[in-house]
């Protein structure tokens, strides 16, 4: 073997080591775009409209509550409350899930009852304990705001009329598909920057897999997107059963996203756990029947904190006015 | 006179014409900074802290309502409602005034009962129909959030403790002093760009002055910042009298800001007027005893629309978490 060939071979092997070392974990890497459905292509016009709608309190009965009230961009697109507040400050049944990276999931809502963002988007607008509006009233309101006629026509040029419930859902979903948090310390670590996270966090990630947390919490957002039976002590919430009344759906909840989890406490579907430490401990006991030792818990929490990515939506729009 | 001297003289005269033509109006020009009080210097650290506080719902009893809920950056730092909503969605007595450029005013609140932004800032936090919190509870909450200890210590390095009611007010006020909207079409017009606004708007500005609107609506934010008797038909609000119980304060309200007025409807202290046209008409009748002809009204509204400046606060912070 001549020296050139040897050098080339040596370089290829050396450069491959980081990739090989992490090859099992590449499924956890965060892509910059989520899946885009064939019938709702992602266009700049739809994103612009959807962003305006997401921040517009006129989508609620009171004209005071927008999607962003509970999915607050200053709090990781969640609200920091145990359970959601809504119309007249009534307390909803569950904790507000973050919108960040939710576009990676097949099922939406804690109980997974919606099969797409499009199906999810209109729910909270009509829910009496959320925005409490009638969709037909919202459509009438939007039609009365000149700026929205322009925005909808630009986003849906083929549709006459363009301002419809379906397009409202499509535009909001399009905006939500841009709320992706990339380049977290953990992603940099996976890509080979071994100093991007602490030794504790790296140990925590290993324990996370070894203990079996990654059985459900896997893929780019650390959720398999599937329903699992999760009976939280003290909670009487029956999960998907409330919707289907099927015995097999009792206590079934969709695996929540762990990306940016340090920003989106409190935890569990009922917001009953205040700290990440408490959440990991409870999940260990409830889902894995493990009493996780305190040092391991600490490491797993250190790992979870590395999942905070770059914030995608720090600018707010100026809403169209009459 | 030699030719050089003549040329110089000619040039000076010619270059002065635009300045001379607008010289009476230079008092309407928007500066880029408002007055800064001697005891609350504007520092980057205070602005950063104040911005976080302004957007933080944990300043309210419910942990759901922030300053930005009603002073919403997507709606010209107002809320688009006739009268403010607050805790449990109770309806407040008055329309939410914009925070934009409010730092130029000596008196704060519709009835001018606060003598500075610092004095104003804490009012809504404790008002039962607004954020409904106890300030002492808010201070305790802020102390329990690690990130705020850092932010307060950076902003007020000489104060031990740094997290106090006074510093809370100072930081919020510092942030508010950055919410200045410069470079509106009207400002560009005043600076000599005659095409920056339409002929109608320029006519409207002349009528605005000739009719006497500028008697009260003057200075950079089109408000003298003073109290005037303004009895709106249908309103039973006694203005500053509610606070002082002095007969001379009956129906006294502070002249509102006209900058960005096209973004901050509805109008009047009770939000009873939906359109700018209606607002100008009503003010003509009530304050000037004039039935303003419809063409003049239209021109004045065209002028008022040119007062929309560049948006200073389109980015939102990520709030500190425990």
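Residue numbers (the numbering used here), protein chains in the order written: chain A, 1 to 322; chain G, 323 to 644. Glycine included, each C-beta is placed from N, C-alpha and C at the ideal position.
Asked	Found
Interface flag, residue 611 of chain G vs chain A, CB-CB below 9 angstroms	no
Cα-Cα separation between residue 163 of chain A and residue 545 of chain G, rounded to whole angstroms	39 angstroms
Residues within the stretch 548 to 560 of chain G neighbouring chain A, beta-carbon criterion of under 8 angstroms	none
Test item: CB-CB of residue 84 of chain A and residue 96 of chain A under 9 angstroms	yes
Three-state secondary structure assigned by DSSP to residue 114 of chain A	strand
Alpha-carbon spacing of residue 542 of chain G relative to residue 44 of chain A, whole angstroms	37 angstroms
C-beta neighbour in chain A for residue 605 of chain G, strict 9 angstroms	no
Buried or exposed (CB count within 10 angstroms, at least 16 for buried), residue 360 of chain G	exposed
Residue 603 of chain G - partner residues in DSSP beta bridges	Beta-bridge pairing links residue 603 of chain G to no other residue.
When G/614, G/547 and G/632 are compared against residue 432 of chain G, the one with the closest alpha-carbon	G/547
Interface residues of chain G facing residue 75 of chain A [CB-CB closer than 7 angstroms]	641
Beta-carbon proximity of residue 103 of chain A to residue 157 of chain A, cut-off 9 angstroms	no
Secondary structure of residue 576 of chain G, DSSP reduced to three states	strand
Beta-carbon neighbours of residue 638 of chain G, restricted to chain A and to distances below 8 angstroms	73, 74, 314, 315 and 316
Spatial distance of residue 442 of chain G from residue 234 of chain A (CA atoms)	44 angstroms
Proximity of residue 128 of chain A and residue 143 of chain A at Cβ, strictly below 9 angstroms	no
Residue-level contact to chain A via CB, residue 615 of chain G, 9 angstroms cutoff	no
As assigned by DSSP and simplified to three states, the class of residue 623 of chain G	helix
Sub-9 angstroms separation of residue 386 of chain G and residue 131 of chain A beta-carbons	no
CA-to-CA distance, residue 87 of chain A to residue 561 of chain G, given in whole angstroms	30 angstroms
Inter-residue spacing [alpha-carbon to alpha-carbon] between residue 295 of chain A and residue 273 of chain A	19 angstroms
Buried versus exposed, by CB contacts within 10 Å (16 or more), residue 370 of chain A	What is shown of chain A runs 1 to 322, which leaves residue 370 of chain A out entirely.
Stretch-stretch touch, CB-based, cutoff 8 angstroms, three pairs: the stretch 131 to 140 of chain A with the stretch 303 to 312 of chain A	no
Interface residues of chain G facing residue 85 of chain A [CB-CB closer than 7 angstroms]	384 and 386
Top-ranked residue by Cα proximity to residue 609 of chain G, from G/549, G/566 and G/643	G/549
Backbone CA spacing between residue 261 of chain A and residue 214 of chain A [nearest angstrom]	15 angstroms
Segment contact flag, the stretch 182 to 190 of chain A with the stretch 27 to 34 of chain A, C-beta cutoff 8 angstroms, min 3 pairs	yes
Other residues of its chain near residue 115 of chain A: CB distance less than 8 angstroms, five sequence neighbours each side excluded	106, 107 and 108
C-alpha distance - residue 630 of chain G paired with residue 192 of chain A, whole-angstrom precision	49 angstroms
Reduced DSSP category for residue 43 of chain A - H, G, I as helix; E, B as strand; rest coil	coil
Simplified DSSP state of residue 242 of chain A, which is helix, strand or coil	helix
Residue 94 of chain A and residue 204 of chain A closer than 9 angstroms at C-beta	no
Euclidean distance between Cα positions of residue 567 of chain G and residue 493 of chain G	32 angstroms
Top-ranked residue by Cα proximity to residue 247 of chain A, from A/229, A/256 and A/175	A/229
Proximity to residue 253 of chain A [Cα-Cα], best of A/281, A/278, A/216 and A/264	A/216
Buried versus exposed, by CB contacts within 10 Å (16 or more), residue 168 of chain A	buried
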